[in-house]
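See structure below.
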Ligand SMILES: Nc1ncnc2c1ncn2[C@@H]1O[C@H](COP(=O)(O)OP(=O)(O)OP(=O)(O)O)[C@@H](O)[C@H]1O
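In my numbering, the protein residues as written are 10 to 305.
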């Protein structure tokens with residue numbers, strides 16, 4: 010498979026903070042790679058290295074063989090970042106056309122991509138006045154107008170409703186079928202498992218694990234036990250076989266490879282136990298387990 014992104018031994022620090030501490034990462038043509046990791050893992054810094062906003066202090070970042078700090082390489086990149094502001098005066102159509110011109114493609118490329126993203130009716134609206142979801146669609150149109158070889162998407166579906174999200178993944182699937190590689194960061198782990206060919210888990214600037222979503226799930230806990238319990242976290246963590254403990258405010262979600270032993274302890278020690286259920290562990294538990302083990 011042709012590589013559209015190749016990162017080798019990339020390092021970046023902000024003074025004393027090693028944000029990216031020696032990362033290797035590839036994205037092939039048509040491939041979708043999801044970057045996952047807790048807050049502060051280094052995802053945004055890595056994305057900024059990939060799109061040429063930052064220069065690696067060591068190592069190498071190549072987009073189709075070129076340095077993303079150089080304009081001709083950057084033209085092959087489409088980028089959607091979070092909370093990007095738009096200038097107050099510019100209209101939707103002007104921004105998409107401007108993106109086409111900057112990337113060296115005909116202005117006429119703007120119309121079809123605006124239609125594809127349902128922006129035609131908003132063409133003469135000021136971008137700064139759009140809703141959050143409309144702004145996301147506009148950013149995607151600007152990123153796609155020049156048929157990039159690599160799309161870099163930072164939390165791209167944040168703020169999109171369910172139909173818009175579905176449409177978004179559909180558009181990406183079409184681009185991928187034409188050979189565009191995708192690198193995306195997301196906190197929606199289950200979503201990434203549905204759309205990504207590969208998941209790369211970052212923690213403290215390093216790649217903690219990498220594989221297909223199924224491979225990651227297979228590596229760690231095979232059951233999630235969900236309950237309302239009054240047992241404290243330290244007790245739950247000490248139960249043999251428990252690899253992750255997460256509290257969603259209402260329920261505790263325990264990732265485990267020994268569900269029977271866990272159920273015995275819960276039933277024996279918590280007379281107030283309610284809402285007990287057991288599920289197959291999803292990607293979210295697998296990733297939580299990996300990060301906890303990495304931290305151990
Ligand atoms: N401009 C900066 N100056 C100093 N330290 C920074 C700066 N930006 C990020 N860092 C630090 O670098 C590390 C990696 O941050 P980064 O934003 O890349 O993580 P992230 O995985 O994108 O996090 P999040 O999920 O919270 O967006 C963190 O420890 C962060 O505090």
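Don't be surprised by glycine CBs; every beta carbon is placed ideally from N, CA and C. Just so you know, these numbers come straight off a predicted model, no measurement behind them.
Limits of the alpha helix (DSSP H) - the one that residue 133 falls within: Careful: residue 133 lies outside any alpha helix (DSSP H) and carries neither H nor E.
DSSP bridge partner residues for residue 27 (one or two, in chain order): 22
Three-state secondary structure (DSSP) at residue 84? coil
Using 8 Å as the cut-off, can you tell me whether the region 34-49 makes contact with the region 211-223, which would need three or more C-beta pairs spanning the two stretches below that distance? yes
In the DSSP assignment, what residue or residues form a beta bridge with residue 256? 261
Buried or exposed: residue 53, going by 16 or more other Cβ atoms within 10 Å of its Cβ? buried
Can the beta-carbon of residue 151 be found less than 8 Å from the beta-carbon of residue 104? yes
Residue 66 CB to nearest heavy atom of ligand 1 below 7 Å: no
In chain order, what residues of the same chain have a beta carbon less than 6 Å from the beta carbon of residue 133, not counting five sequence neighbours either side? 100
Residues passing the C-beta test against ligand 1 heavy atoms, cut-off 6 Å: 23, 26, 28, 46, 48, 49, 50, 51, 52, 53 and 54
Using beta-carbon positions only, say whether residue 29 and residue 190 come within less than 8 Å of one another. no
Is it true that the CB of residue 276 sits closer than 8 Å to the CB of residue 42? no
Collapsed DSSP secondary structure at residue 49 in the structure displayed: coil
Segment limits, beta strand (DSSP E) that includes residue 105: It is not in any beta strand (DSSP E) - residue 105 instead sits in the alpha helix (DSSP H) that spans 101-111.
Within 8 Å, strictly: CB atoms of residue 72 and residue 159: yes
If I measure Cβ to Cβ from residue 283 and keep anything under 6 Å in the same chain, skipping five residues before and after, which residues do I get? 237
Tell me the residue span of the beta strand (DSSP E) that contains residue 208. 207-212
How many whole angstroms separate the CB atoms of residue 142 and residue 170, which I take to be in contact at a CB cut-off of 8 Å? 6 Å
Smallest Cα separation from residue 289: which of 235, 16, 203 and 273? 235
Run through DSSP, which three-state label would residue 129 get? helix
How would you label residue 184, buried or exposed, when you count the other beta carbons within 10 angstroms and need 16 or more for buried? buried
Any chance you could list the beta strand (DSSP E) runs of at least 3 consecutive residues sitting entirely within the region 114-198, in chain order? 159-163 and 190-194
Could you please give the first and the last residue of the uninterrupted beta strand (DSSP E) stretch that includes residue 242? That residue, residue 242, is in no beta strand (DSSP E); its alpha helix (DSSP H) goes 242-246.
Reducing DSSP to helix, strand and coil, say where residue 283 ends up. strand
Count the other CB atoms within 10 Å of the CB of residue 148; is the residue buried (16 or more) or exposed (fewer)? buried
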